[in-house]
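Engineer: One structure, as structure tokens, below. Some questions next.
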Amino acid sequence: EPEVTQTPSHQVTQMGQEVILRCVPISNHLYFYWYRQILGQKVEFLVSFYNNEISEKSEIFDDQFSVERPDGSNFTLKIRSTKLEDSAMYFCASSEDGGTEAFFGQGTRLTVV
Amino acid sequence: AQSVTQPDIHITVSEGASLELRCNYSYGATPYLFWYVQSPGQGLQLLLKYFSGDTLVQGIKGFEAEFKRSQSSFNLRKPSVHWSDAAEYFCAVGPWGTSYDKVIFGPGTSLSVIP
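Respectively, the protein sequence lines represent chains G and Z. FYI, our numbering numbers position 87 of the first sequence as 228, with every residue one higher than the one before it. FYI, our numbering numbers position 95 of the second sequence as 96, with every residue one higher than the one before it.
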């Protein structure tokens with residue numbers, strides 16, 4: 142069964158460092174998303190991406206964040222200068238049509254120290 | 002304001018017992034409702050969804066949920082819980098014909114299953 146895969150599963154980084162979280166969406170999907178879940182809190186929408194551009198972003202997704210689809214298969218989330226409060230589980234998701242169902246990856250746990 | 006509440010942070014049930022996880026929402030438009038499950042080390046898996054039609058929705062793994070508009074609820078049920086059902090369960094709501102950037106997740110209910 143096709144699935145969304147994320148790497149790494151766990152990343153530890155020092156405050157101020159740049160991190161790139163990687164995702165391989167399901168191959169025929171056209172809509173891509175990043176969400177995050179701070180420990181003990183809700184899953185929150187960060188950004189959606191369609192047709193090689195951001196279609197929506199939340200207030201959380203400030204200038205420190207960027208997304209890219211560098212080739213036909215990967216979808217990345219970059220945090221330019223990490224802060225302690227960026228520590229969270231980050232989920233990538235993809236959807237074929239943007240509406241009926243999104244498939245989520247297993248998440249990357251980011252720990253900023 | 003749009004919101005999703007899951008009143009139970011943690012529930013423990015015995016294997017074979019029935020289960021009901023509660024979800025209440027506040028939403029101005031016709032809602033599109035979801036239940037997701039997150040097993041340890043796994044991603045979010047869609048259990049079921051509802052946007053119209055029969056208010057009792059069947060999902061995967063033997064789960065069902067009932068939409069009650071008058072109570073703004075979408076509770077998840079399973080008649081007989083298995084040890085493998087131990088996981089975190091998230092209720093979510095979005096606008097009808099939703100785009101996933103509009104979906105709001107609840108805080109989750111952690112389910113433990115004792116033998």
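Beta carbons are placed, not taken as given, at the ideal position from N, Cα and C, and that holds for glycine. The structure displayed is predicted, hence computed values, not measured ones.
By how many angstroms is the C-alpha of residue 92 (chain Z) removed from the C-alpha of residue 35 (chain Z)?
Structural biologist: By one-based count along the second sequence, residue 35 (chain Z) stands at place 34. By one-based count along the second sequence, residue 92 (chain Z) stands at place 91. The straight-line gap from Cα to Cα measures roughly 6 Å.
Engineer: Which residues in the same chain have their Cβ closer than 6 Å to the Cβ of residue 30 (chain Z), if we skip the five residues on either side of it in sequence?
Structural biologist: If you number the second sequence from 1, residue 30 (chain Z) lands on position 29. For residue 30 (chain Z), where only same-chain residues beyond five positions count, the Cβ hits under 6 Å are 96.
Engineer: Ordered along the chain, which non-local residues of its own chain (more than five positions away) have a Cβ less than 7 Å from that of residue 6 (chain Z)?
Structural biologist: In the second sequence, residue 6 (chain Z) corresponds to position 5, counting from 1. Same-chain partners within the cutoff: 25, 107.
Engineer: Going by beta-carbon coordinates alone, are residue 206 (chain G) and residue 225 (chain G) separated by less than 8 Å?
Structural biologist: Residue 206 (chain G) sits at position 65 when you count from the first residue of the first sequence. Residue 225 (chain G) sits at position 84 when you count from the first residue of the first sequence. No, Cβ-Cβ distance for residue 206 (chain G) and residue 225 (chain G) is not below 8 Å.
Engineer: Check whether the segment 162–174 of chain G touches the segment 228–245 of chain G, taking contact to mean three or more Cβ pairs, one atom from each stretch, closer than 8 Å.
Structural biologist: These segments touch.
Engineer: So if I threshold CB-CB distances at 9 Å, which residues from the segment 196–221 of chain G count as touching chain Z?
Structural biologist: Per Cβ criterion, the list reads 196, 197, 198, 199.
Engineer: Could you run through the segment 231–243 of chain G and flag, in chain order, every residue whose CB is less than 7 Å away from some CB of chain Z?
Structural biologist: Residues passing the 7 Å Cβ filter: 232, 234, 236, 239, 240, 242, 243.
Engineer: How would you list, in chain order, the residues of chain G whose beta-carbon sits under 7 Å from the beta-carbon of residue 45 (chain Z)?
Structural biologist: Taking the second sequence and counting its residues from 1, one reaches residue 45 (chain Z) at position 44. Those are 232, 245, listed as they occur along chain G.
Engineer: Under the rule that 16 or more other beta-carbon atoms within 10 Å means buried, what is residue 208 (chain G), buried or exposed?
Structural biologist: As a first step, residue 208 (chain G) is located in the first sequence; it is residue number 67 there, counting from the start. That one is buried.
Engineer: In its own chain, which residues sit with a C-beta less than 8 Å from the C-beta of residue 191 (chain G), not counting the 5 before and 5 after it?
Structural biologist: For this step, residue 191 (chain G) is matched to residue 50 along the first sequence. For residue 191 (chain G), where only same-chain residues beyond five positions count, the Cβ hits under 8 Å are 171, 172, 173, 239.
Engineer: Any idea which residues DSSP pairs residue 230 (chain G) with across the strands?
Structural biologist: Taking the first sequence and counting its residues from 1, one reaches residue 230 (chain G) at position 89. The partner list for residue 230 (chain G) (beta bridge, DSSP) reads G:178, G:250.
Engineer: Could you spell out the range, first to last residue, of the beta strand (DSSP E) harbouring residue 24 (chain Z)?
Structural biologist: Within the second sequence, the letter at position 23 stands for residue 24 (chain Z). Taken as a continuous stretch (DSSP letters only), residue 24 (chain Z) belongs to no beta strand (DSSP E), as it is neither H nor E.
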